[in-house]
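A.B. asks: So the sequence shown is numbered by the working numbering: it starts at 4 and just counts up by one. Where a beta carbon is used, it is the ideal one built from N, C-alpha and C, also for glycine. Structure in structure tokens, see below.
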Amino acid sequence: MAVRERVSEYRARMRAQGLRPVQIWVPDVRSPEFAAQAHRQSLAVAASADTARDMDFVEAISEDWAE
Numbered sequence: 004m005a006v007r008e009r010v011s012e013y014r015a016r017m018r019a020q021g022l023r024p025v026q027i028w029v030p031d032v033r034s035p036e037f038a039a040q041a042h043r044q045s046l047a048v049a050a051s052a053d054t055a056r057d058m059d060f061v062e063a064i065s066e067d068w069a070e
């Protein structure tokens, strides 16, 4: 069976389950531009007069991942 046929059948099965394909564009976290912007934003947060309150908020809404 060719790849095109397998993909077509897979998509048909997914649609039969009531699902539909969705394509989204997200930032490329591997790019130097992303890293630079993230660094700029983290510096801005760190320099804020409300740093402690901001971090309390972030921690309150963050998931505690088991290690």
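Is the CB-CB distance between ASP59 and VAL48 below 8 Å?
C.D. replies: The sequence position of residue 59 within the sequence shown is 56, counting from 1. The sequence position of residue 48 within the sequence shown is 45, counting from 1. In this structure, VAL48 does not lie closer than 8 Å to ASP59 by Cβ.
A.B. asks: Write down every uninterrupted run of the beta strand (DSSP E) in the region 8–56 whose length is 3 residues or greater and which is fully enclosed by it, in chain order.
C.D. replies: Runs of the beta strand (DSSP E) inside the region 8–56: none found.
A.B. asks: With DSSP run on the structure shown, which of helix, strand or coil describes MET58?
C.D. replies: Against the sequence shown, residue 58 aligns to sequence position 55. MET58 falls in the helix class under three-state DSSP.
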